[in-house]
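Just so you know, full-length UniProt numbering puts the end of the sequence shown at 121, numbered straight through with nothing missing.
Don't be surprised by glycine CBs; every beta carbon is placed ideally from N, CA and C.
Only one structure is covered here, and it is reproduced in the block below.
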Amino acid sequence: TEKDSAISDCTKAIELNSSYLKAYVRRAQLYEETDKLDEALEDFKKVLTFDPNHTEANHATRRLPPLINERNEKLKTEMLGKLKDLGNMVLKPFGLSTNNFELQQDPNSGGYSVKFNQNPI
Numbered sequence: 001t002e003k004d005s006a007i008s009d010c011t012k013a014i015e016l017n018s019s020y021l022k023a024y025v026r027r028a029q030l031y032e033e034t035d036k037l038d039e040a041l042e043d044f045k046k047v048l049t050f051d052p053n054h055t056e057a058n059h060a061t062r063r064l065p066p067l068i069n070e071r072n073e074k075l076k077t078e079m080l081g082k083l084k085d086l087g088n089m090v091l092k093p094f095g096l097s098t099n100n101f102e103l104q105q106d107p108n109s110g111g112y113s114v115k116f117n118q119n120p121i
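What follows is the structure, given as structure tokens:
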């Protein structure tokens with residue numbers, strides 16, 4: 001697309017001159033417009049290393065993290081839903097469903113353990 005081409009042009013400009021502030025700003029804007037929020041945040045942070053008072057970059061570094069977290073949570077929920085559907089398809093021949101299993105997250109490590117319930121509610 002046109003925006004991908006522009007991102008590529010900005011990247012080439014940055015490769016030629018690693019302190020080309022305008023190219024970082026433009027690429028960050030394009031990344032955000034194309035929903036590449038993580039990349040946009042990285043570029044805006046880079047802008048702040050050159051110009052700590054850059055207004056747009058300061059706003060973006062406060063605005064983007066919650067949007068990134070929201071997107072990641074939405075993706076995680078969507079992925080868990082798909083995994084649950086797949087799990088139910090595999091477990092159905094055995095008279096089980098994913099409702100027979102409960103995930104519990106360990107608050108210390110962030111890891112999960114699985115608990116089996118014979119008769120789920």
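Identity of the residues DSSP links to residue i by a beta bridge
i	result
Ser5	According to DSSP, Ser5 bridges with nothing at all.
Glu102	Lys115
Beta-carbon proximity list for residue i, same chain, < 7 Å, skipping 5 on both sides
i	result
Phe116	Asn100, Phe101
Whole-Å CB distance - residue i paired with residue j, under 8 Å assumed
i	j	result
Glu33	Lys3	6 Å
Arg27	Asp43	5 Å
Leu64	Leu30	With a Cβ gap of about 14 Å, Leu64 and Leu30 do not count as contacting.
Val114	Leu103	6 Å
Own chain, CB closer than 8 Å to residue i, minus 5 neighbours either side, in chain order
i	result
Ala60	Ala28, Glu32, Ala40, Leu41, Phe44
Ile14	Tyr20, Ala23, Tyr24, Arg27
Quick check for students: name the residue ranges of the alpha helix (DSSP H) that lie wholly in the segment 45–100, counting only runs of 4 or more.
55–91
Stretch pair the segment 14–25 + the segment 46–57: three plus CB contacts closer than 8 Å
yes
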